[in-house]
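The sequence shown runs 410 to 761 under my numbering.
Note that CB positions come from ideal geometry on N, CA and C, so glycine has one too.
Beneath this line is the structure, given in structure tokens, with notes to follow.
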Amino acid sequence: PVIEAEVVDLGHALLSPMFVNAHCHLGDTGAKELGVGLPLEQVVVPPDGLKHRFLAGLDQETHIQQMRHGLTEMLASGIIACADFREQGLAGVQALQKAAQGFPMRVICLGRMSEGREAAEIKQEAIEILEIANGLGIRDIAAYPQSVILELRKMYPDKIFAIHVSENAEAEKKSHRDFGLGQTARALELSPDFLVHLTHTPQPELEQVAARKTRAVCCPRANGILGDGLPDVAKWVVAGVEFGIGSDNMMIASPDMFREMDYLSRMLRGLHQNPAAIDFHQIFSAATIQGARALKIDRDLGSLSPGKEASFLVMDLDNPNFNFTHDYISAMVHRANITDIRNIFIKGEKFV
Numbered sequence: 410p411v412i413e414a415e416v417v418d419l420g421h422a423l424l425s426p427m428f429v430n431a432h433c434h435l436g437d438t439g440a441k442e443l444g445v446g447l448p449l450e451q452v453v454v455p456p457d458g459l460k461h462r463f464l465a466g467l468d469q470e471t472h473i474q475q476m477r478h479g480l481t482e483m484l485a486s487g488i489i490a491c492a493d494f495r496e497q498g499l500a501g502v503q504a505l506q507k508a509a510q511g512f513p514m515r516v517i518c519l520g521r522m523s524e525g526r527e528a529a530e531i532k533q534e535a536i537e538i539l540e541i542a543n544g545l546g547i548r549d550i551a552a553y554p555q556s557v558i559l560e561l562r563k564m565y566p567d568k569i570f571a572i573h574v575s576e577n578a579e580a581e582k583k584s585h586r587d588f589g590l591g592q593t594a595r596a597l598e599l600s601p602d603f604l605v606h607l608t609h610t611p612q613p614e615l616e617q618v619a620a621r622k623t624r625a626v627c628c629p630r631a632n633g634i635l636g637d638g639l640p641d642v643a644k645w646v647v648a649g650v651e652f653g654i655g656s657d658n659m660m661i662a663s664p665d666m667f668r669e670m671d672y673l674s675r676m677l678r679g680l681h682q683n684p685a686a687i688d689f690h691q692i693f694s695a696a697t698i699q700g701a702r703a704l705k706i707d708r709d710l711g712s713l714s715p716g717k718e719a720s721f722l723v724m725d726l727d728n729p730n731f732n733f734t735h736d737y738i739s740a741m742v743h744r745a746n747i748t749d750i751r752n753i754f755i756k757g758e759k760f761v
């Protein structure tokens, strides 16, 4: 049968899938630039990290409005979906869900329980969170008893379980010293859907990640500014690890996937002293379809193909960044920025 469809002439433009920010923390939107120059443990590690002291001083309505501002920033920069590792227990999840109301984005809320409590209390709080959240976003492999996480994994097989691993060199050394394994190998025992950072994961453990078909998410700008090292994603590719990209904490990195892709590409080539260390097509995929696969939303988002949501960016090819270009994907990774977005279409409707 002939299907009638509206034809829209977008002129001299490039259509791109919208981005998927596979790891972020919207909760600290109101703390931008706090902690720059301080190490990880002083900035974001609970209970006394700078971030947590800042959050403790906020009333809920102010906090919700700050997170809404963060979501507005994401949408304006072309992000259609994000995975937020939401602190502050059940109340934190509820606050984020309230903040996300009215936004045409997929906000995948991964809640987090309080640490340093009895196993039964942690489990009960987790159950309350998992009843309304999309899953759990675990700060550290040592944050909770592994037996509790394994039990929750069996109870909620359809929820997303994600874990920060091997972000900090000292924590990774301690894991090897105490357990004979790195944090990544230990986390794999919990059957996570994806792992975040892997900044100091050794090659044999990267190969384990690939063998388990567990996805990974890198956050290069956040790792860099915190002085934690740089994720060697070129080694991930060699190991066969499929990966997405996240911008991490709003307080230390803007939710700008253009900047994230560009930084990652240039950093890896310089790190390896090899201009062919990474394929920019892989980086663009990481910011789009691979992020969607990590968040289990690739049926609808992450690429432009029949049957998916028509959510896409209209990039203005008349802008200077695209003049004279010989490769549009390279231009998206290395040269384009938010000002090159002419329009945003969400589910086929012009949003901007």
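Residue range of the beta strand (DSSP E) that includes ASN430 | By 1-based counting over the sequence shown, the position of residue 430 is 21. DSSP places ASN430 inside the beta strand (DSSP E), whose first and last residues are 428-434.
For ASN732, count neighbouring C-beta atoms within 10 Å of its own C-beta (all shown protein chains included) and say buried if the count is 16 or more, exposed if not.
-> Numbered from 1 along the sequence shown, position 323 holds the residue referred to as residue 732. Exposed.
Are the CB atoms of GLY444 and MET660 nearer to each other than 8 angstroms?
-> Residue mapping note: residue 444 aligns to position 35 of the sequence shown, counting from 1. Residue mapping note: residue 660 aligns to position 251 of the sequence shown, counting from 1. In contact: GLY444 and MET660 (Cβ atoms closer than 8 angstroms).
Starting from ARG495 and walking both ways along the alpha helix (DSSP H), at which residues does that stretch end?
-> Looking up residue 495 in the sequence shown gives position 86. First-last for ARG495: 488-495, but that is the beta strand (DSSP E), not the alpha helix (DSSP H).
By the 10 Å Cβ neighbour count, where 16 or more other Cβ atoms means buried, how is ALA490 classified, buried or exposed?
-> One-based indexing of the sequence shown puts residue 490 at position 81. With 16 or more other Cβ atoms within 10 Å, it is buried.
For ARG751, the first and last residue of its enclosing beta strand (DSSP E) = Residue mapping note: residue 751 aligns to position 342 of the sequence shown, counting from 1. Note, ARG751: beta strand (DSSP E), 750-755.
Within the region 475-544, note down every full beta strand (DSSP E) run reaching 3 residues or more, in order along the chain.
-> Whole beta strand (DSSP E) segments, 3+ residues: 488-495 and 515-520.
Assigned exposure category for LEU435 - 16 Cβ within 10 Å defines buried | What you label residue 435 is simply residue 26 of the sequence shown in a count that begins at 1. Buried, because 16 or more other Cβ atoms sit within 10 Å of the Cβ of LEU435.
Give the C-beta separation of ALA625 and MET666 to the nearest angstrom, bearing in mind that I take them to be a contact with Cβ-Cβ under 8 angstroms.
-> If you number the sequence shown from 1, residue 625 lands on position 216. If you number the sequence shown from 1, residue 666 lands on position 257. The Cβ separation is near 17 angstroms, so there is no contact.
Element boundaries [beta strand (DSSP E), containing GLY606] = Counting from one through the sequence shown, the residue named residue 606 turns up at place 197. Checking the sequence, you will find His at residue 606 rather than Gly. Element bounds for HIS606: 603-606.
Measure the alpha-carbon distance for THR734 versus ALA740 and round it to whole angstroms.
-> The sequence position of residue 734 within the sequence shown is 325, counting from 1. The sequence position of residue 740 within the sequence shown is 331, counting from 1. Using only the alpha carbons, I get a separation of about 7 angstroms.
Below 8 angstroms CB to CB, which residues in the same chain sit around LYS644 once its five sequence neighbours on both sides are set aside?
-> One-based indexing of the sequence shown puts residue 644 at position 235. Here the set comprises GLN612 and LEU615.
With DSSP as the reference, label SER663 as helix, strand or coil.
-> In the sequence shown, the residue the question calls residue 663 occupies position 254. Coil, per DSSP.
Quick one: grab the DSSP three-state call for GLY633.
-> One-based indexing of the sequence shown puts residue 633 at position 224. In the structure shown, GLY633 sits in a helix (DSSP, three-state: H, G or I).
Work out the CA separation of ASN730 and ALA703 for me, nearest whole Å.
-> Counting from 1 along the sequence shown, the entry for residue 703 is found at position 294. Counting from 1 along the sequence shown, the entry for residue 730 is found at position 321. Roughly 30 angstroms separates the two Cα atoms.
With HIS573 as the anchor, note down where its beta strand (DSSP E) starts and where it stops.
-> In the sequence shown, counting from the first residue as 1, residue 573 sits at position 164. Segment 569-574, the beta strand (DSSP E) holding HIS573.
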